[in-house]
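A.B. asks:
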Amino acid sequence: MSAGGVSGQARALKVLAGFLSSNRVPQAILFHGPAGVGKALAAGEFAAALLCEKPPRGGVRGCGACAPCAAFAGGRHPDFIRVDAAYQACLRQEELAKQKSLRIGTVREARRAMETSAILGGRKVAVVEDAEGLEIEAANALLKILEEPPPNAVWILTSSRRDRLPKTVLSRCAAVAFAPLDEETVERILAEQGVGSEDAAAAAKDAGGSAGRALELSRRGYPRALISGAASPAEASESLGPDLPSARTQAELALFALRQELWRSWKEGRTPLAEASRALGVIRELGESLRANVDPKAVVLLACLEARKAAS
Ligand SMILES: [Zn+2]
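To convert, take the position in the sequence shown, counting from 1, and add 4; that gives the working numbering.
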């Protein structure tokens with residue numbers, strides 16, 4: 005089952021289609037699940053269906069023909085807001101790169117917009133992407149909104165870190181779970197994005213069910229030589245990009261790929277459980293230190309050495 009580009013999420017789409025066809029749409033819904041599996045895409049499709057005058061029954065999308073659908077497709081529906089870093093950058097008239105978290109002022113502004121009556125006469129819909137990025141004051145402001153939303157307002161939150169959302173916010177939301185994608189689906193999504201079949205298959209294998217991560221892997225140069233042992237740990241570390249942001253992203257991908265390879269190696273009986281879990285623990289800690297600004301080259305070097313030690 006797929007709807008408007010959302011693939012491999014039959015269960016989640018069925019729940020959403022059920023909300024639409026029964027006309028019982030919760031006013032606060034949380035799409036949760038791993039990063040890069042289609043939550044934001046599904047939130048857009050669901051929002052389009054909520055705003056459409058005659059959404060096709062049984063699906064999760066707009067009709068594509070009515071005035072609200074045309075406005076939505078053109079990115080100019082007056083009753084829809086996507087509350088994300090770009091929205092905040094626009095409100096604050098700041099650079100996009102500066103928006104590290106969603107602030108209380110951003111949530112309040114979205115609230116004001118959501119409290120006005122619908123310009124096209126239907127619902128008003130807000131999508132809060134990566135809601136774990138809300139600062140605590142912003143999350144509390146959102147909670148107040150979710151406690152008493154105006155009757156025609158629907159708030160859709162997406163998160164790949166549900167554990168980082170306040171329980172009070174979680175308790176207000178109807179949760180819809182998004183699952184990791186199977187490899188075949190990830191490969192197909194990559195092919196649709198123009199990735200060659202060999203690269204798509206390699207990236208899908210190591211992406212842990214995340215099409216977003218697989219795309220990153222294939223676009224940024226995948227550290228396959230690092231895993232296969234063709235590159236030494238020092239070479240792998242030196243091959244990281246020259247600027248810090250890209251080196252950090254590549255290092256994150258390298259750590260993820262090393263963890264996947266350790267899992268595979270344990271499952272296939274090539275590495276004993278104790279060795280694999282010790283190395284996985286060290287690599288996880290290295291991931292934390294990467295987020296705490298430790299040099300990505302040092303992190304990759306140490307992680308590669310750990311993985312080699314476990315495999316030997
Ligand atoms: Zn429509």
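A virtual CB, placed ideally from N, CA and C, is assigned to each residue, including glycine.
Using CA coordinates, which residue listed in A74, C70, E49 is at the minimum distance from G63?
C.D. replies: Closest by alpha carbon: E49.
A.B. asks: Applying the 10 Å Cβ sphere with the 16-neighbour rule, what's the burial state of K43?
C.D. replies: By the 10 Å Cβ count, K43 comes out buried.
A.B. asks: Measure the alpha-carbon distance for K271 versus D210 and round it to whole angstroms.
C.D. replies: Going by the C-alpha atoms only, they are around 14 angstroms apart.
A.B. asks: Could you give the first and the last residue of the continuous beta strand (DSSP E) run that contains L244?
C.D. replies: Looking at the DSSP string, L244 is not in any beta strand (DSSP E), and its letter there is neither H nor E.
A.B. asks: Just mark A7 as buried or exposed, buried being the case when its beta carbon has 16 or more other beta carbons within 10 Å.
C.D. replies: Per-residue confidence for A7 stands at a pLDDT of 40, beneath the threshold of 50, marking its modelled position as unreliable; no derived number is given.
A.B. asks: What did DSSP end up calling I123 once you bin it into helix, strand or coil?
C.D. replies: Note: I123 maps to coil in three-state DSSP.
A.B. asks: Starting from the Cα of A93, find the closest Cα among G126, R223, T110, F23 and give me that residue.
C.D. replies: Considering only alpha carbons, the answer is T110.
A.B. asks: Which stretch, first to last residue, makes up the alpha helix (DSSP H) that contains T189?
C.D. replies: Per DSSP, T189 belongs to the alpha helix (DSSP H) from 187-196.
A.B. asks: Comparing the CB of C56 with every heavy atom of ligand 1, is any distance shorter than 7 angstroms?
C.D. replies: C56: yes, Cβ under 7 angstroms from ligand 1.
A.B. asks: So the beta strand (DSSP E) V158 belongs to, where does it begin and stop?
C.D. replies: 157-163 is the span of the beta strand (DSSP E), which, as asked, contains V158.
A.B. asks: To the nearest angstrom, how far is the alpha carbon of N27 from that of G66?
C.D. replies: Roughly 15 angstroms separates the two Cα atoms.
A.B. asks: Tell me whether L169 is buried or exposed, calling it buried when 16 or more other Cβ atoms sit within 10 Å of its Cβ.
C.D. replies: Burial call: buried.
A.B. asks: Buried or exposed for R176, please, with buried defined as at least 16 other CB atoms from any protein chain shown within 10 angstroms of its CB.
C.D. replies: Counting Cβ neighbours within 10 Å, R176 comes out buried, since at least 16 surround it.
A.B. asks: Given a cut-off of 8 angstroms, decide if V29 and L54 are closer than it, judged by their beta-carbon atoms.
C.D. replies: Yes.
A.B. asks: For F76, name the three-state secondary structure that DSSP assigns.
C.D. replies: Helix at F76.
A.B. asks: Cα separation between Q254 and E57?
C.D. replies: Rounded to whole angstroms, Q254 to E57 spans 45 angstroms at the Cα level.
A.B. asks: Buried or exposed, going by whether 16 or more other CB atoms sit within 10 Å of the CB of Q97?
C.D. replies: Looking at its Cβ environment, which holds fewer than 16 other Cβ atoms inside 10 Å, Q97 is exposed.
A.B. asks: Take the Cβ of T189 as the centre, count every other Cβ of all protein chains shown within 10 Å, and call the residue buried at 16 or more, exposed below.
C.D. replies: With 16 or more Cβ atoms within 10 Å of its Cβ, T189 is classed as buried.
A.B. asks: Thinking L221 and L262 are a contact (beta carbons under 8 angstroms), I'd like their distance in whole angstroms, please.
C.D. replies: Going by Cβ atoms, the distance from L221 to L262 rounds to 13 angstroms, so no, they are not a contact pair.
A.B. asks: Which one or two residues does DSSP pair with F35 in a beta bridge?
C.D. replies: Paired residue(s): T162, V180.
A.B. asks: Between A69 and F76, what straight-line distance do the alpha-carbon atoms span, to the nearest angstrom?
C.D. replies: The straight-line gap from Cα to Cα measures roughly 11 angstroms.
A.B. asks: Cutting at 6 angstroms between CB atoms, please list the residues of its own chain near W159, excluding the five before and the five after it.
C.D. replies: Within the same chain, W159 has close Cβ partners A32, A130.
A.B. asks: Would you say the beta carbon of G79 comes nearer than 7 angstroms to a heavy atom of ligand 1?
C.D. replies: No - ligand 1 has no heavy atom lying nearer than 7 angstroms to the Cβ of G79.
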